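This report refers to the structure that appears directly beneath it.
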Amino acid sequence: MTDPKHLETWLHEKAGPAYDALKADPARAVTADQVRRTLDELLAEAEAAGQHPLPPEQREWVDAPAVGREWPACETLEADQVRARLHDDAMAEAFRKDPAYAVELLNSILEDGDQDELLIARRQITEAFSERVADIALAIALARRVDAGLDPLTPFDPAEHLTTAEAVTALLADAEATGDAAYIEHAHQVAARARTMHGLEG
Numbered sequence: 001m002t003d004p005k006h007l008e009t010w011l012h013e014k015a016g017p018a019y020d021a022l023k024a025d026p027a028r029a030v031t032a033d034q035v036r037r038t039l040d041e042l043l044a045e046a047e048a049a050g051q052h053p054l055p056p057e058q059r060e061w062v063d064a065p066a067v068g069r070e071w072p073a074c075e076t077l078e079a080d081q082v083r084a085r086l087h088d089d090a091m092a093e094a095f096r097k098d099p100a101y102a103v104e105l106l107n108s109i110l111e112d113g114d115q116d117e118l119l120i121a122r123r124q125i126t127e128a129f130s131e132r133v134a135d136i137a138l139a140i141a142l143a144r145r146v147d148a149g150l151d152p153l154t155p156f157d158p159a160e161h162l163t164t165a166e167a168v169t170a171l172l173a174d175a176e177a178t179g180d181a182a183y184i185e186h187a188h189q190v191a192a193r194a195r196t197m198h199g200l201e202g
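Going by UniProt numbering, the sequence shown opens with residue 1, and the numbers climb by one from there.
Below, the structure written as C-alpha cells:
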C-alpha cells in the first residue's frame, strides 16, 4: 500500500503547480464518483453528437512510446499531417474524436495505477478536453485512494457547501430516500457539521 506522504511528495514533484493548486483549494478535491461521472458525461456527449468509437486499426498509437514519436498514419487522416504530430497531440485528437476510448483508457489507469501512465494521460486529456478535465489524472489518483478505503490527499467536506438550512434539509431528504442506513447516518453527520460551521438552526 502506498504511503500517503510518499504519494503526496511524488504528486508535488511530478505534477507540480496543478497539484499544489488542487491541494490549496479543497473545494476542488474530487472523489471516485466524480471521476466516473465525468467519464459518463464524456460518453453521453459523444453519443448525442453521433460520435462512434474508432476502429481498432486506428488505435495503433496506444502501444507507441509516449513522447516525441510519430503517430502511425491511418486512412481517415492525411499521412503527412499525422506523421508531423507528436504522440501527445495525436492522442488528444483521438480522444476528442473517440471519447469512449478516453473512458476506456482512464478506467484502465484507474485499475492499474501506473504513475507514469497517469502523468501521460494528464497531459493528453488536458489538451483534448481543456479545463473541464484538466485535473483528471489527479482525480484518478484520489479516486484510487477512495476506492481503497484511504482518506483522499485533499480533504473535501460537503458541509462547507451546505450554507443554508434548505440545503441541509435537501441533503437529509435525499439520504432518507435512499434507505441506506450508513449513508443516512453519514448525511446526518455532515448536516451537523454544516449547522455548526455556518451557524444554521436545526
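Glycine is no exception: its CB is placed at the ideal position from the N, C-alpha and C atoms.
All figures in this text were calculated on a predicted structure; none of them were measured in a lab.
What did DSSP end up calling residue i once you bin it into helix, strand or coil?
i, result
"L172", "helix"
"D116", "helix"
"T163", "coil"
"L106", "helix"
"E201", "coil"
"D88", "helix"
"A32", "Unreliable positioning characterises A32 in this predicted model, as indicated by a pLDDT of 46, which lies under 50. A coordinate reading is not provided."
"A187", "helix"
Under 8 Å by Cβ, that's how I've got residue i and residue j pegged, so tell me the actual separation to the nearest angstrom.
i, j, result
"E117", "D88", "So it is not a contact: roughly 13 Å between Cβ atoms."
"A175", "I184", "5 Å"
"A182", "L171", "In fact, because the Cβ distance is near 15 Å, the residues do not count as touching under 8 Å."
"T169", "H198", "So it is not a contact: roughly 13 Å between Cβ atoms."
"I109", "A94", "The Cβ separation is near 16 Å, so there is no contact."
Quick one, which of the options has its alpha-carbon nearest residue i's?
i, options, result
"A92", "I125, A182, N107", "I125"
"A165", "V190, A121, H186, P99", "V190"
"R195", "F95, P158, D114", "P158"
"H161", "Y101, A192, D114", "A192"
"A48", "D98, A167, M197", "D98"
"G202", "D114, A167, A177", "A167"
I'd like to confirm something about residue i: is its beta-carbon nearer than 6 Å to some heavy atom of the ligand MG, or not?
i, result
"E176", "Annotation note on the ligand MG: not contained in the displayed structure, which lists no ligands."
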